[in-house]
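Asks:
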Amino acid sequence: MSRPVHLLHDAALLARMLGLEAPCCAQIAMPTDMAASADGPSAWGAFVEGNPLSGTWIADAEAPSRRLVSYSGTLGEGLFDDEPRTWMRAGHDRFKAFLDEIEPALRLHGRTLCFRPHHRHVLGDVHASVKLLRDRAGGPFEVLLSPGDLLAPAMLPQAEDHLARMFAHLGPVAAAVLLTDVAPDAGTAETGLLAVRRAGEGVLPMPLVARLLAEHVPAETPVILLPGGVDAQRGALGL
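Our numbering puts the first residue of the sequence shown at 104, with every later residue one more than the last.
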């Protein structure tokens with residue numbers, strides 16, 4: 104079975120190409136096999152912006168997928184601020200309140216909310232992500248495995264161990280795998296954040312990522328790549 108591959112397109116660019124007035128989300132994951140369905144290509148997910156812990160998070164009802172993808176959020180003022188309270192009781196209580204509030208609306212509209220964990224957010228590691236799936240089993244919630252988002256600069260020397268743990272625990276249960284690369288840049292020392300790169304264009308060991316993907320992620324689970332250099336990314340990941 105060939106693993107489905109999607110590309111994470113900029114929604115504003117797609118909107119302009121299609122002659123739409125405005126995008127209804129930030130990014131859209133679309134299949135590379137545009138002839139996969141007789142009805143035409145369908146979006147795997149609509150990536151929405153915002154911070155679920157801010158109290159102002161909202162999703163457009165016209166989003167082109169029943170699956171919404173969002174970061175889990177932070178108590179910091181900026182979406183990627185380093186705010187320790189996010190991982191403490193205050194952050195987890197706020198996140199639980201958000202889940203309780205949004206779940207009835209998701210069920211009413213037949214939508215799923217897939218969280219994209221990030222090391223600065225309340226779903227900041229493997230444990231928190233797995234716990235969400237366990238605590239909300241049967242609910243309209245999913246988790247995206249995005250290894251690059253879970254790696255902080257200080258974790259790079261032990262990246263192989265961290266990657267192995269991510270794939271072993273989240274690979275079998277993730278809704279999809281967003282495979283980006285990362286690399287330090289000029290701002291990393293100040294921000295504590297790594298720059299996002301296409302697969303194979305950063306510092307992650309892609310042969311290891313490819314092996315972990317094959318070992319731990321079911322063949323039917325989609326992989327999402329950044330647009331551009333798709334053949335090179337596929338080659339780096341053995342897709």
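Quick reminder that beta carbons are idealized off the backbone N, C-alpha and C, glycines included.
No experiment lies behind these values; they were computed from the predicted model shown.
#1: Taking the C-alpha atoms as reference points, what is the distance between G143 and A132?
#2: Grab the span of the alpha helix (DSSP H) containing P333 for me, first residue to last.
#3: Ignore the nearest five residues each way along the sequence and tell me which others in A162's own chain have a CB closer than 7 Å to its CB.
#4: Taking the Cβ atom as the reference point for each residue, do P155 and S175 lie within a distance shorter than 8 Å?
#5: Could you please give the first and the last residue of the uninterrupted alpha helix (DSSP H) stretch that includes F183?
#6: Is it true that the CB of V225 sits closer than 8 Å to the CB of T159?
#7: Specify whether the region 296–307 and the region 244–257 touch according to this definition: at least 3 beta carbon pairs, one from each stretch, less than 8 Å apart.
#8: Would you say the region 260–268 touches the region 230–239, given that touching needs at least three Cβ pairs under 8 Å?
#9: Three-state secondary structure (DSSP) at L111?
#10: With a threshold of 8 Å between beta carbons, is L235 in contact with chain B?
#11: Could you pull out every residue in the same chain whose Cβ sits closer than 8 Å to the Cβ of H319, ignoring the five residues on either side in sequence?
#12: To which residues of the same chain is G344 closer than 6 Å at the C-beta, ignoring the five residues directly before and after it?
#13: If you check the beta carbons only, do P349 and S249 fall under 8 Å apart?
#14: Compare the Cα-Cα distances from D136 to each of A322, L110, S157 and A114 and report the closest residue.
#15: Which residue's Cα is closest to the Cα of A286: L307, S105, A278 and A277?
#16: Here's a check: name, in chain order, each residue in its chain whose Cβ is nearer than 7 Å to the Cβ of G194, leaving out the five neighbours to either side.
#17: DSSP three-state call for A200: helix, strand or coil?
#18: Within the continuous beta strand (DSSP E) that includes G148, where are the two ends?
#19: Label P243 either buried or exposed according to how many other C-beta atoms from any shown protein chain fall within 10 Å of its C-beta, with 16 as the threshold for buried.
#20: Within its chain, find whatever has a CB closer than 7 Å to the CB of A278; leave out the 5 residues flanking it on each side and keep chain order.
#21: Who are the near neighbours of E180 in its chain, counting only those whose CB is closer than 7 Å to its CB and skipping five residues on each side?
#22: Quick one: what does DSSP say M191 is sitting in, helix, strand or coil?
Replies: Reading from the atomic positions:
#1: Here residue 143 is taken as the residue at index 40 of the sequence shown, counted from 1. Here residue 132 is taken as the residue at index 29 of the sequence shown, counted from 1. Since pLDDT at G143 reaches only 45, below the 50 mark, its modelled position is unreliable, and the value read off the structure follows with that caveat. Spanning the two alpha carbons is a distance of roughly 14 Å.
#2: Within the sequence shown, residue 333 is the residue found at index 230, counting from 1. Strictly speaking, residue 333 in this sequence is Val, with Pro absent from that position. Start and end: V333 to L340.
#3: For the purposes of this step, residue 162 is identified with residue 59 of the sequence shown, where counting begins at 1. Here the set comprises V151 and L171.
#4: One-based indexing of the sequence shown puts residue 155 at position 52. One-based indexing of the sequence shown puts residue 175 at position 72. In contact: P155 and S175 (Cβ atoms closer than 8 Å).
#5: Here residue 183 refers to the residue found at position 80 of the sequence shown. Looking at the DSSP string, F183 is not in any alpha helix (DSSP H), and its letter there is neither H nor E.
#6: Start at 1 with the first residue of the sequence shown, and residue 159 comes out as number 56. Start at 1 with the first residue of the sequence shown, and residue 225 comes out as number 122. Not closer than 8 Å, so no.
#7: yes
#8: no
#9: As a position in the sequence shown, residue 111 is number 8, starting the count at 1. The answer is strand: DSSP assigns L111 an E or B state.
#10: The structure shown contains no chain B; it is built from a single protein chain.
#11: For the purposes of this step, residue 319 is identified with residue 216 of the sequence shown, where counting begins at 1. The answer, listed in chain order, is F270, A271, G274 and P275.
#12: Nothing about residue 344 can be read from this structure; the chain reaches only from 104 to 342.
#13: Examination of residue 349 is not possible in this model, given that the chain is present from 104 through 342 alone.
#14: Translated into positions along the sequence shown, residue 136 becomes position 33. Out of A322, L110, S157 and A114, L110 has the C-alpha closest to the C-alpha of D136.
#15: As a first step, residue 286 is located in the sequence shown; it is residue number 183 there, counting from the start. Comparing Cα positions, the closest option is L307.
#16: On the sequence shown, residue 194 is found 91 positions in, with the first residue counted as 1. Once the five neighbours on either side are set aside, the close Cβ partners of G194 are L156, L178, R188 and V225.
#17: Here residue 200 refers to the residue found at position 97 of the sequence shown. In the structure shown, A200 sits in a helix (DSSP, three-state: H, G or I).
#18: What you label residue 148 is simply residue 45 of the sequence shown in a count that begins at 1. Per DSSP, G148 belongs to the beta strand (DSSP E) from G148 to F150.
#19: Here residue 243 is taken as the residue at index 140 of the sequence shown, counted from 1. Buried: at least 16 other Cβ atoms inside 10 Å.
#20: As a working note, residue 278 is residue 175 in the sequence shown. If we look at A278 and ignore the five residues flanking it on each side, its Cβ neighbours are C217, E245, V246 and L247.
#21: Along the sequence shown, one-based indexing puts residue 180 at 77. Contacts found: none.
#22: Counted from its first residue, the sequence shown places residue 191 at position 88. In the structure shown, M191 sits in coil (DSSP, three-state: anything other than H, G, I, E or B).
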